[in-house]
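Residue numbers (the UniProt record's numbering): 1 to 720. Remarks on the structure that follows.
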DNA sequence: AGCACGCCGACT
DNA sequence: GTCGGCGTGCTC
Ligand SMILES: [Zn+2]
Ligand SMILES: [Zn+2]
């Protein structure tokens with residue numbers, strides 16, 4: 001660290017334009033005795049507090065009155081300046097998402113690099129980088145985890161298969177062509193790999209690897225990464241949060257060696273910094289991580305892979321609302337590095353790019369191990385007599401699987417026992433006092449409680465109706481817990497295992513529950529979307545889907561797209577190791593395209609239909625959207641703010657070609673005593689929309705003074 | 001966003 | 001009398 005005022009200054013005062021993580025536009029000028037390179041972090045006093053900022057530019061004169069300018073406290077020179085391409089990426093993100101530079105540059109760094117106290121305390125010992133370098137090994141906890149992971153695979157082939165998750169082409173015991181380079185490829189894999197290698201040879205471009213669950217996409221990523229590493233470059237492999245398991249890490253390590261860095265949000269600060277340093281110093285050849293790994297400097301980057309590119313977890317939901325997939329494509333393009341997007345159900349944005357020829361489309365139409373895809377049955381629930389939500393067909397199928405010793409999965413995307421409690425005599429329902437939403441009945445231990453899924457509030461279940469005293473209040477509908485209870489009682493001999501966010505929180509780690517399922521300690525699994533990702537269950541022969549229609553009723557135009565992806569994913573759990581698997585989807589609307597396309601495992605048909613609809617309605621990907629959001633105690637104030645914003649926008653010359661909708665309250669207006677509303681902007685071209693926002697947004701802070709607590713802009717919203 | 005200052009209600 | 005409530009305003 002270079003203390004300010006240290007010797008060897010030039011004597012000339014310069015002004016450093018510093019980016020700070022504050023929601024204020026622009027940069028802040030600080031004085032210093034010599035120039036400092038852009039991309040270097042500095043410690044400064046801002047207002048009353050110490051902050052870490054990043055130098056963006058050097059100026060000869062301050063942009064504000066000289067008496068307001070303060071000196072740099074310290075130049076944090078324990079790291080070289082951030083590289084130019086990294087600064088370009090951050091600049092693009094700040095510009096595209098309409099946020100100040102500092103709100104991108106600093107939050108994407110490992111936390112210890114942006115905390116001023118990490119450099120000042122008595123125990124700071126030269127700062128976080130020195131401390132990390134002094135203990136180059138991983139932390140004790142990390143070593144323990146690694147040791148445990150390595151101890152597991154007695155059968156390495158099997159471990160690699162489960163681990164690489166959805167898409168490892170599993171080496172079979174009898175596979176004759178297997179060698180150190182990995183399992184033998186199918187014909188389709190070989191063709192796709194050739195296409196990917198052409199992309200690599202071309203040096204840039206985007207490919208969409210479209211392959212059904214189990215078609216072996218992961219194997220192709222690994223081979224491509226191997227090739228890139230052999231050429232002396234680094235590979236960045238992004239995966240959804242839920243897929244980044246110790247097993248995946250272990251299998252990548254087994255295949256690509258120890259020069260692997262892993263970055264995700266659940267790492268300790270020390271481990272995260274060490275991984276980040278390893279990747280940014282070029283010591284790691286491969287970086288495996290979740291969306292936040294996208295912002296890691298990689299000096300020798302040669303390949304970016306985004307697995308399950310349609311996954312919602314690539315979109316950050318708090319702070320800077322960026323899409324790691326979109327930024328990955330930008331970074332690849334900027335650096336002239338190939339980008340591979342993989343999915344069984346690509347986002348329609350990506351699919352359209354592939355159809356238009358912007359992206360190279362490579363398909364893996366079949367499962368790698370030649371098991372047929374499961375047979376799908378739609379069961380019409382309109383005229384069925386239901387038993388706790390189950391049709392006789394599904395119950396019969398469950399019974400049949402039980403008799404044959406197979407495993408089944410009942411999928412219901414709703415946690416808890418019942419979504420609402422209701423009084424039969426009056427209008428009382430279990431309403432949350434802080435939200436416009438029902439409190440959900442949960443079984444906790446042996447007792448029941450009411451829980452709000454939106455604000456986290458909890459309360460005991462009343463013994464009788466609080467309004468009229470009727471003791472006979474009833475749970476309405478069902479969630480995983482009630483389904484679990486029903487199945488246990490309906491099939492007394494069966495071992496029923498529930499896997500959802502509550503079960504994994506309560507009974508220890510998710511991995512332990514999944515391990516029980518894998519070990520065959522359950523006949524019927526009951527789960528939410530948590531079970532539909534990343535995990536294969538060897539003996540799983542039947543998947544039953546309850547309540548799929550709930551996702552269809554959403555106002556959001558992307559609801560069918562998400563439902564289709566969800567159903568394909570959960571259907572893909574069945575029959576991974578043996579044939580004869582079956583999926584039963586209960587629905588009131590079997591004629592809907594989503595379900596008809598699902599019957600044939602036909603993504604292309606679904607996508608063509610959905611795209612046609614989007615084109616007719618002028619929706620993405622045929623238009624660009626932005627959402628202006630506002631929060632207030634009273635939704636009226638939020639709506640008024642948005643109405644004025646709309647009037648201002650319409651008065652601007654930049655409004656030409658931009659459709660500005662009406663301000664509307666959110667579907668769930670109040671969450672934790674805050675009421676929300678939004679205003680949708682839409683235009684056919686991206687440029688017009690962004691020009692309008694650039695003219696409109698700077699004035700809104702002033703407009704929001706008063707009853708509006710908060711406002712924000714979301715570019716390319718994925719839920720509206 | 002923090003973090004101050006600032007001016008009115010109930011507490012030792 | 002002051003402890004603290006959060007309204008308002010500023011931060012290079
Ligand atoms: Zn009542
Ligand atoms: Zn609530």
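For glycine and all other residues, C-beta sits at the position ideal for the given N, C-alpha and C.
Which residues in the same chain as residue 450 place their Cβ atom closer than 8 Å to its Cβ, once the five residues preceding and following it in sequence are excluded? Only 421, 430, 439, 440, 441, 442, 458, 459, 460 and 461 meet the Cβ criterion.
Below 8 Å on the Cβ atoms is my contact criterion, and I expect residue 52 with residue 116 to pass it. Report the Cβ-Cβ distance as a whole number of Å. With 8 Å as the limit, residue 52 and residue 116 qualify as a contact, their Cβ atoms being about 5 Å apart.
Over the uninterrupted beta strand (DSSP E) stretch that includes residue 393, give me the two end residues. No beta strand (DSSP E) holds residue 393; the alpha helix (DSSP H) holding it covers 392-403.
Residue 392, buried or exposed, once every other Cβ within 10 Å from all chains shown has been counted against 16: Per the 10 Å Cβ criterion, exposed.
Taking all protein chains shown into account, decide if residue 310 is buried (16 or more other Cβ within 10 angstroms of its Cβ) or exposed. Burial is judged here by how many other beta carbons sit within 10 angstroms of a residue's own beta carbon; residue 310 has at least 16 and is buried.
Identify the residues that DSSP records as bridge partners of residue 724: which are they? As displayed, the chain neither begins before 1 nor continues past 720, which places residue 724 out of reach and without an answer.
Out of curiosity, what's the CA-to-CA distance linking residue 711 and residue 656? Residue 711 and residue 656 have their C-alpha atoms roughly 24 Å apart.
Nonlocal neighbours in the same chain, by C-beta distance under 8 Å from residue 425, ignoring five residues either side: Close CB contacts of residue 425 within its chain, under the 8 Å cut and outside five residues either way in sequence, are with 465, 468, 470 and 472 (chain order).
Residue 196 burial status per 10 Å Cβ neighbour count (16 or more: buried): Result: buried.
Apart from the five residues just before and just after residue 542, which ones in its own chain have a Cβ nearer than 6 Å to its Cβ? Excluding positions up to five away in sequence, the list reads 397, 401, 408 and 582.
Quick one: Cα of residue 709 to Cα of residue 630, how far? Cα-Cα distance, rounded: 8 Å.
DSSP state of residue 419 mapped onto helix, strand, coil: In the structure shown, residue 419 sits in coil (DSSP, three-state: anything other than H, G, I, E or B).
Start and end residues, beta strand (DSSP E) containing residue 31: Unbroken beta strand (DSSP E) run through residue 31: 28-32.
Cα-Cα, which of 569, 234, 504 and 219 is closest to residue 728? Not covered by the structure: residue 728. The range shown for the chain is 1 to 720.
Can you give, in chain order, each stretch of the beta strand (DSSP E) that sits fully within the segment 501-547 and has at least 3 residues? Assignment of beta strand (DSSP E) within the segment 501-547, counting only whole runs of 3 or more residues, yields 524-527 and 540-545 in chain order.
What does the alpha-carbon distance come out to for the pair residue 282 and residue 620? Each residue's Cα considered, the two are about 38 Å apart.
Closest residue to residue 555 among 289, 718, 208 and 49 (Cα-Cα distance): The closest CA to that of residue 555, considering only 289, 718, 208 and 49, is found on 718.
Need the endpoints of the beta strand (DSSP E) that residue 641 sits in, please. Premise fails: residue 641 lies in the alpha helix (DSSP H), 635-651, not in any beta strand (DSSP E).
What residue from 100, 78, 87 and 93 has the CA that sits closest to residue 24's CA? Just measuring C-alpha positions, the residue of 100, 78, 87 and 93 sitting nearest residue 24 is 100.
Would you say the beta carbon of residue 456 comes nearer than 8 Å to a heavy atom of ligand 2? Residue 456 Cβ: within cutoff of ligand 2.
Closer than 8 Å to a non-hydrogen atom of ligand 1 - does that hold for the CB of residue 467? It does: the Cβ of residue 467 is within 8 Å (strictly closer) of some heavy atom of ligand 1.
Inter-residue spacing [alpha-carbon to alpha-carbon] between residue 394 and residue 489: Roughly 16 Å between the two C-alpha positions.
Determine the burial state of residue 662: buried for a count of at least 16 other Cβ atoms within 10 Å of its Cβ, exposed for fewer. With fewer than 16 other Cβ atoms from the protein chains shown falling within 10 Å of its own Cβ, residue 662 counts as exposed.
Could you check if residue 343 belongs to the surroundings of ligand 1, using beta carbon to heavy atom distance under 8 Å? For ligand 1, not one heavy atom lies less than 8 Å from the Cβ of residue 343.
Excluding the five sequence neighbours on either side, which residues of its own chain have a C-beta within less than 7 Å of the C-beta of residue 144, listed in chain order? Bear in mind that a pLDDT of 47 at residue 144, under 50, signals an unreliable position, so the number given afterwards is only what the model happens to contain. If we look at residue 144 and ignore the five residues flanking it on each side, it has no Cβ neighbours.
From residue 613 to residue 523, what distance separates their C-alpha atoms? Going from the Cα of residue 613 to the Cα of residue 523 covers about 41 Å.
Compare the C-alpha of residue 549 against each of 563, 536, 539 and 558 and name the closest. Closest by alpha carbon: 563.
9 Å Cβ cutoff met for residue 236 and residue 290: Cβ atoms of residue 236 and residue 290: not closer than 9 Å.
Go ahead and label residue 98 buried or exposed: buried means 16 or more other beta carbons lie within 10 angstroms of its beta carbon, across all protein chains shown. Residue 98 should be labelled buried.
Which whole-angstrom value describes the C-beta separation of residue 483 and residue 412, a residue pair presumed to lie in contact below a C-beta threshold of 8 Å? Rounded to the nearest angstrom, the Cβ distance from residue 483 to residue 412 is 6 Å, consistent with a contact under 8 Å.
Answer yes if the segment 325-343 comes into contact with the segment 271-281, meaning at least three C-beta pairs across the two stretches below 8 Å, and no otherwise. Flag = no, the segment 271-281 and the segment 325-343 do not touch.
Whose C-beta lies closer than 7 Å to the C-beta of residue 706 among residues of the same chain, with five residues either side of it excluded? Counting only Cβ-Cβ distances below 7 Å, and skipping sequence neighbours, we find nothing.
Residue 133 to residue 265 span [Cα, whole Å]: Looking at the two C-alpha atoms, the distance is approximately 21 Å.
From the DSSP secondary-structure annotation, give me the bridge partner or partners of residue 15. DSSP output for residue 15 lists 31 and 59 as bridge partner(s).
With distances taken between CB atoms, is the gap from residue 121 to residue 76 smaller than 9 Å? No, the pair does not count as a contact, with Cβ atoms beyond the cut-off.
I think residue 544 touches residue 584, with their Cβ atoms under 8 Å apart; what is that distance to the nearest whole Å? Indeed, because the Cβ distance is near 5 Å, the residues count as touching under 8 Å.
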